[in-house]
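According to our numbering, the sequence shown is numbered sequentially starting from 4.
Backbone N, C-alpha and C define an ideal beta-carbon position, used for all residues, glycine too.
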Amino acid sequence: MIILVTGGAGFIGSNLCRKLLEQEHKVYCLDNFYTGSKKNIEELLNNENFICLNHDICNSMSFIKVEQIYNLACPASPPAYQGFHSIETTKTCVIGSLNLLELAKKNNATILQASTSEIYGNPLEHPQKETYFGNVNINGPRSCYDEGKRCAETLFTDYNRLYNLDTKICRIFNTYGKYMSPDDGRVVTNFIKQALRDEDITIYGDGSQTRSFCYVDDLVNGMIKLMNSEYNKPVNLGNPEEYTIKQIAEIILEKIPQSKSKIVFKDLPQDDPVKRKPDITVAKQVLNWQPEIKLSDGLDKTIEYLKEVL
Ligand code: NAD
Ligand code: UDP
Numbered sequence: 004m005i006i007l008v009t010g011g012a013g014f015i016g017s018n019l020c021r022k023l024l025e026q027e028h029k030v031y032c033l034d035n036f037y038t039g040s041k042k043n044i045e046e047l048l049n050n051e052n053f054i055c056l057n058h059d060i061c062n063s064m065s066f067i068k069v070e071q072i073y074n075l076a077c078p079a080s081p082p083a084y085q086g087f088h089s090i091e092t093t094k095t096c097v098i099g100s101l102n103l104l105e106l107a108k109k110n111n112a113t114i115l116q117a118s119t120s121e122i123y124g125n126p127l128e129h130p131q132k133e134t135y136f137g138n139v140n141i142n143g144p145r146s147c148y149d150e151g152k153r154c155a156e157t158l159f160t161d162y163n164r165l166y167n168l169d170t171k172i173c174r175i176f177n178t179y180g181k182y183m184s185p186d187d188g189r190v191v192t193n194f195i196k197q198a199l200r201d202e203d204i205t206i207y208g209d210g211s212q213t214r215s216f217c218y219v220d221d222l223v224n225g226m227i228k229l230m231n232s233e234y235n236k237p238v239n240l241g242n243p244e245e246y247t248i249k250q251i252a253e254i255i256l257e258k259i260p261q262s263k264s265k266i267v268f269k270d271l272p273q274d275d276p277v278k279r280k281p282d283i284t285v286a287k288q289v290l291n292w293q294p295e296i297k298l299s300d301g302l303d304k305t306i307e308y309l310k311e312v313l
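Structure, rendered in structure tokens:
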């Protein structure tokens, strides 16, 4: 198949491109390199089935002929999508998604949106099922991302309803692993980088907030299963094992015993969700998918990768 992966030079995108090339598809990797990196796809450039396009999805893309589109283009770490770039984030989610939906419609292609657990905001239901509408601040620092992704889901659903376009919505929960940028500010990379460099481990708040971490290989398998399924409604993809952020700091410090780092507590960012854990019943039933990789094994792989790149 001819497959377009937007955001293909990013963390999840570059892992997805690798997997699709292994399956012998022709892959267009499209990226504007805002948070992605050429290094993530360097060795793929020699593969004759891999084509890299430097392009912003906010601009039209009518020049490509494709059968499947994975839309991953969007900064994903809170420091990257907030601040100066917040308006670009909303534009990417909304205008970028519209452009890609039009491209899919023109090609009669199947299109998958990389949505997020952030559409649940600071959830009042726990664990989060796909039927939960969420608790999202419209005007806060995370809103550009949360509301942008919510609007993208609305657009995907309407293209399915009005034009019968084959759309998929994958609600990704916190994912980590190889090809994550060490500087993107997310918790797993921050803690590992700090521990390897003997710097303070910065817990925001008291560390009692929870997240559930999925290794990227598991996630990519789930995304491919969803893309090739008949299911058009949103699906949670994530690992339901829930940890406090303080536990994550302690586990990482145990794995890097030579580290001289100490845990310090910093201010909790505004609207930081208190709890997060996916209910993956739908993914189990519809896709026969569940994560296989244990946190301990995934962290070992991620530590090895970050040792190489730092
Ligand atoms: P990432 O920042 O590593 O990758 C995003 C990629 O999109 C980057 O390569 C970036 O340069 C590119 N990009 C951004 N704006 C673009 C634009 N306008 N046009 C073209 N390319 C653009 O982040 P990631 O963790 O790999 O996330 C990939 C997708 O998965 C994102 O859509 C994100 O919202 C979603 N997601 C990720 C997680 C996670 O835990 N990693 C969780 C939920 C959702
Ligand atoms: N966090 C932290 N220290 C860091 C980075 C993040 O304590 O150096 C916390 C953050 O406040 C949040 C959790 O870890 O509660 C996950 O943050 P991340 O940015 O990885 O993803 P989020 O789920 O917030 O999008």
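Ranking THR9, THR170, ASP303 and LYS228 by CA distance to the CA of ILE195 puts ASP303 first. LEU56 and PRO260 have their C-alpha atoms spaced approximately 42 Å apart. Following the DSSP letters along the chain, one finds TYR73 inside the beta strand (DSSP E) bounded by residues 71-74. Shown in chain order are the residues whose CB sits closer than 7 Å to a heavy atom of the ligand UDP: SER80, PRO81, GLU121, ASN177, GLY188, ARG189, VAL190, VAL191, ASN193, PHE194, THR205, ILE206, TYR207, GLY208, GLY210, GLN212, ARG214, ILE248, LEU271, PRO272, ASP275, PRO276 and ARG279.
Taken from the Cβ of PHE14, at least one heavy atom of the ligand NAD lies inside 7 Å.
Secondary structure note for VAL267: it is in no alpha helix (DSSP H), and the uninterrupted beta strand (DSSP E) holding it is 266-269. Within the same chain, ILE204, ILE206 and ALA252 come within 7 Å of ILE266 by CB-CB distance, once the 5 residues on both sides are set aside.
The DSSP assignment places complete alpha helix (DSSP H) segments of no fewer than 4 residues inside the segment 163-207 at 190-199, in order along the chain. In this structure, ASN49 lies away from VAL223, with their beta-carbon atoms at least 8 Å apart. Annotated as distal: ALA155 and GLY225, with beta-carbon spacing of 8 Å or more. If you draw a 10 Å sphere on the C-beta of LEU106, you find 16 or more other C-beta atoms in it, and that means buried. The DSSP-derived three-state label of GLY11 is coil. Not a single heavy atom of the ligand NAD lies less than 7 Å from the C-beta of PRO144.
Distances between the C-beta of THR134 and the heavy atoms of the ligand NAD are all 7 Å or more.
Under the DSSP assignment, VAL238 falls in the beta strand (DSSP E) whose first and last residues are 237-240. Of TYR218, PHE36, CYS20 and ASN35, the smallest CA-CA separation from LYS29 is found for CYS20.
Using a 10 angstroms sphere on the CB of TYR31, the tally of other CB atoms reaches 16 or more, which defines it as buried. Taking C-beta atoms as the reference points, LEU313 and LEU199 count as a pair closer than 8 Å. Between PRO237 and ILE283, the beta carbon gap of about 12 Å keeps them out of contact (Cβ cut-off 8 Å). By the 16-neighbour rule on beta-carbons within 10 angstroms, VAL277 is exposed. The DSSP-derived three-state label of ASP34 is strand. According to DSSP, residue pairing for GLN116 in a beta bridge involves ASN74 and ILE172. If only uninterrupted alpha helix (DSSP H) runs of at least 4 residues are considered, those enclosed by the segment 40-93 are 81-84.
Of all alpha-carbon atoms in VAL69, ARG145 and GLY143, the one lying nearest the alpha-carbon of LYS109 is that of VAL69. Under the DSSP assignment, SER215 falls outside any alpha helix (DSSP H), being part of the beta strand (DSSP E) whose first and last residues are 213-215.
The alpha carbon of ALA79 has as its nearest neighbour, out of TYR73, THR92, GLU27 and GLN71, the alpha carbon of THR92.
For GLN288, the secondary structure class from DSSP, reduced to helix, strand or coil, is helix.
Under the three-state reduction of DSSP, GLN26 is assigned to coil, being neither helix nor strand.
The Cβ atoms of LEU115 and CYS77 lie no closer than 8 Å to each other. The beta carbon of PHE87 sits no closer than 7 Å to any heavy atom of the ligand NAD.
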